[in-house]
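Enquirer:
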Amino acid sequence: MPMPPFPTDWLARQARYRPDAPALTWQVTGEQLSFAELNSRGEALAAAFTERFELVKGDRVAILAPNSLAHVLLFVAAQKAGWILVPLNARLTAPELQHMVDDTAPRLFVSTDALTDVTDALTFEGPRLSCGAIEQQATAEGLAFEGLRLEADDPLLILYTSGTTGRPKGALYTHGMCFYNAVNTVQRLHLTGADVSFNAAPFHHTGGWNVLLTPFLLQGGHTLLLDGFDADLLLPLCDEAGITILWGVPTMLKLMADSDAFADASLDSVRYAIVGGEAMPAPLIHTWQDKGVPIRQGFGMTEVGPNCFSLPERDALRKIGSIGLPNFLIDTRVVDANGQDVSADTVGELLLRGPVVTPGYWQNPEGTAAAFDGAWFRTGDLVRRDDEGYFYVAGRKKELYISGGENVYPAEVEAVLHAHEQIREAAVVGVPDDRWGETGLAFVVAAPAPSPEALIAFCRERLAAYKVPQHVRFVDALPKNHSGKIDKQVLRARAEAALSSS
22 MPMPPFPTDW LARQARYRPD APALTWQVTG EQLSFAELNS RGEALAAAFT ERFELVKGDR
82 VAILAPNSLA HVLLFVAAQK AGWILVPLNA RLTAPELQHM VDDTAPRLFV STDALTDVTD
142 ALTFEGPRLS CGAIEQQATA EGLAFEGLRL EADDPLLILY TSGTTGRPKG ALYTHGMCFY
202 NAVNTVQRLH LTGADVSFNA APFHHTGGWN VLLTPFLLQG GHTLLLDGFD ADLLLPLCDE
262 AGITILWGVP TMLKLMADSD AFADASLDSV RYAIVGGEAM PAPLIHTWQD KGVPIRQGFG
322 MTEVGPNCFS LPERDALRKI GSIGLPNFLI DTRVVDANGQ DVSADTVGEL LLRGPVVTPG
382 YWQNPEGTAA AFDGAWFRTG DLVRRDDEGY FYVAGRKKEL YISGGENVYP AEVEAVLHAH
442 EQIREAAVVG VPDDRWGETG LAFVVAAPAP SPEALIAFCR ERLAAYKVPQ HVRFVDALPK
502 NHSGKIDKQV LRARAEAALS SS
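Each residue of the sequence shown is one higher than the one before, starting from 22 at the first, in the numbering used here.
1) So is R406 buried or exposed if we call it buried at 16+ other beta carbons inside 10 Å?
2) Using beta-carbon positions only, say whether A448 and I507 come within less than 9 Å of one another.
3) What residue range does the alpha helix (DSSP H) around I155 cover?
4) Among all the DSSP beta bridges, which residues are the ones paired with L346?
5) So L164 packs on A65, CB below 8 Å; how close in whole Å?
6) Excluding five sequence neighbours on each side, which residues of the same chain lie with their C-beta closer than 7 Å to the C-beta of P40?
7) Closest by CA to A366, which one among Y413, K340, T400?
8) For T186, which three-state DSSP category applies?
9) Which of the three DSSP states, helix, strand or coil, is assigned to I264?
10) Since W47 sits in a beta bridge, which residues does DSSP pair it with?
11) What's the gap between the Cα of A44 and the Cα of A498?
12) Identify whether D408 lies in helix, strand or coil by the three-state DSSP scheme.
13) Using DSSP bridges, identify the partner residues of V466.
14) For P347, count neighbouring C-beta atoms within 10 Å of its own C-beta (all shown protein chains included) and say buried if the count is 16 or more, exposed if not.
15) Give me the DSSP bridge partner(s) of P453.
16) Can you tell me whether DSSP reads M322 as helix, strand or coil?
17) Which same chain residues, not among the five before or five after V363, have their C-beta less than 7 Å away from its C-beta?
18) Restricting to runs no shorter than 3 residues, where is the beta strand (DSSP E) found entirely within the segment 344-403?
19) On a Cα-Cα basis, can you pick out the residue from M273, G229, G461, L180 that is closest to P189?
20) With a threshold of 6 Å on Cβ separation, who are the neighbours of V139 within its own chain once the five nearest residues in sequence on each side are excluded?
21) Please work out which residues of its chain come closer than 6 Å, Cβ to Cβ, to L476, disregarding the five sequence neighbours upstream and downstream, and give them in chain order.
22) Could you give the residue range of the alpha helix (DSSP H) that holds I179?
23) Under three-state DSSP, which class holds I341?
24) Taking only the alpha-carbon atoms, compute the straight-line gap between F224 and G425 and give it to the nearest angstrom.
25) I believe L212 touches N220 by the beta-carbon criterion, under 8 Å. Please report the beta-carbon distance rounded to the nearest angstrom.
26) Going by alpha carbons, who is nearest to P315 out of Q361, I295, T206?
27) Distance check for D281 and W383, CA to CA, integer angstroms please.
28) Just to confirm before moving on: does the CB-CB distance between S331 and Q310 stay below 9 Å?
29) Express the C-alpha separation of D174 and G381 in angstroms, rounding to a whole number.
30) What residues in its chain sit with their C-beta under 6 Å from that of A432, if we drop five residues either side in the sequence?
31) Measuring only the C-alpha atoms, how far is L109 from V270?
32) Rounded to the nearest angstrom, what separates A436 and C480 at their Cα positions?
33) Under a three-way DSSP split, which group does A192 fall into?
34) Hey, how far is the Cα of D30 from the Cα of E162?
35) The beta strand (DSSP E) with I295 in it runs from where to where?
36) Only counting the same chain, and skipping five residues up and downstream in sequence, which positions put a Cβ closer than 7 Å to that of K312?
If you want it as structure tokens, here you go:
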């Protein structure tokens, strides 16, 4: 007996189960859409574009814009019609974007009028529409759409990696991958249809889709969609809208804690805050815990989920620095350079397996082959696992440097620096050293700044000598990439320039 079609059309089902429940509020205008309304708009869009542009299953639809209602409408339509949505980074230049346009060859290009100068510089022969036209078309009546039979392996999204290790690659998200990530997230974070959260993460990033938006669409929660992150706006919104879950990278939680609105916000409705992207410094964890908001550290990546690990809030202080335990549908291995599994408390590369793993990169068989060891995805992240099974990130394989014949993992040194009460942010990169081969240079944001000598002495008390940075540079801010993570490529370039001029 043939298998039934995979459940890709989530909104059609939610429109039956909870038609009047709020699914999405576009905070820019205050417009709120129920699950039934969001479903009907997705159907209208799927029908209109199938007829008007003759879009078929597998066609790519690119969108270049800050967060918008159009993104979500296109996603709902893609779940019905089988298109592949390609969300592009609105902060990139035309030459950077041209590679992605050439790579995916979209049949339709959607953008915002504010980016006309960029889009006019792109070579693209197909039809172009504005985000406003998408929203208008989605409200049209009179067109019916008969959903297609779609399978778990059919592509749904192409999300480009941040390019921290080379030219960006388009990670494929299938309908099945998106579904199982949502199930994984609902299970591990105990999400319910009564939960309310926000989304300010950009849609070119996996977090914008898959941290809480798609799990909420599957589970029946209510998402408040913002066009960007604003700590002063978000904090009062927590109380006004009854937000139950906060999430973001540590920088976002830091900006919220530093906001004047932090003291006035009760945050009584917030069950916990999810933090990912990089480790959250212990003092910042205490700041939020003291406010009554437990912290759940998480970990993931574009190619896997991205919700791979979660640290239960009960362990936020007991296991500070840990990314927690693997989520329900994730298998893990930690291996050495020869691919052999290592014992507890030994650093090795993290391999992941499960239905939330990408099948590969769009039109890039070489990149796909290099990313896998059989069924296991090679993350390139170095981790260790303690004797209770909790995982800790030691850094990226490419960030590791060797000082005096010893491996140094920047994440370990950064954790020590973050423990200093005057340091707000810190990042360490390896630089050449005539005596030791390499040593560490620490970029530090501090208020007030201690002397470099005092900071090095602080590290000597807590680290083996070969791990202690030999150079300290105080800066006003650390550079961030488009995912909100500290940009180590930029820092390495700055380190080289600083040392060559000294």
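In this text, a Cβ means the ideal position worked out from N, Cα and C, and glycines have one as well.
Expert: For this structure:
1) So R406 ends up on the buried side.
2) Using a Cβ distance threshold of 9 Å, A448 and I507 count as a contacting pair.
3) In this chain, the alpha helix (DSSP H) harbouring I155 covers 152-159.
4) According to DSSP, which records beta bridges pairwise, L346 is partnered with S331.
5) Between A65 and L164 the Cβ distance is about 6 Å, and since that is below 8 Å, they are a contact.
6) Sequence-distant Cβ neighbours of P40 in its own chain, meaning closer than 7 Å and more than five residues away, are S55, F56, A57.
7) At residue 366 the sequence reads Asp, which differs from the Ala that was named. The shortest C-alpha separation from D366 is found at Y413.
8) Here T186 scores only 45 on pLDDT, less than 50, and its place in the model should not be relied on; the value that follows carries that caveat. Correct three-state label for T186: coil.
9) I264: coil per DSSP, three-state reduction.
10) Per the DSSP secondary-structure output, W47 pairs in a beta bridge with E52, L246.
11) The alpha-carbon atoms of A44 and A498 are separated by roughly 37 Å.
12) Residue state, collapsed to three classes: coil.
13) Looking at the DSSP assignment, V466 forms a beta bridge with E446.
14) Under this definition P347 is a buried residue.
15) Bridge pairing for P453: E459 [DSSP].
16) The answer is strand: DSSP assigns M322 an E or B state.
17) Short of 7 Å from the beta carbon of V363, and not among the five residues preceding or following it, lie these beta carbons of its own chain, in chain order: V355, V356, D357, G369.
18) Here the runs fully enclosed are 352-356, 369-374.
19) Closest option to P189, Cα to Cα, is L180.
20) Closer than 6 Å at the Cβ level, and outside the excluded window around V139, lie A115.
21) So the list reads V493, once near-sequence residues are dropped.
22) Per DSSP, I179 is not a residue of any alpha helix (DSSP H); the beta strand (DSSP E) it occupies stretches across 176-181.
23) In the three-state reduction of the DSSP assignment, I341 falls in the coil class, being assigned neither a helical nor a strand state.
24) One C-alpha to the other measures close to 43 Å.
25) For a cut-off of 8 Å, the C-beta gap from L212 to N220 is around 14 Å, too long to register as a contact.
26) When each option's Cα is compared against that of P315, the closest is I295.
27) Between W383 and D281, the C-alpha separation is close to 45 Å.
28) 9 Å or more divides the Cβ of S331 from the Cβ of Q310.
29) C-alpha separation (whole angstroms): 12 Å.
30) Excluding sequence neighbours, A432 sits near V414, A415, G416.
31) Cα to Cα, the separation comes out at about 20 Å.
32) Going by the C-alpha atoms only, they are around 10 Å apart.
33) Residue state, collapsed to three classes: strand.
34) In a straight line, the C-alpha of D30 is about 20 Å away from that of E162.
35) First-last of the beta strand (DSSP E) with I295: 293-296.
36) Sequence-distant partners of K312 (beyond 5 residues in either direction) whose C-beta falls short of 7 Å from its own C-beta, in its chain, are L288.
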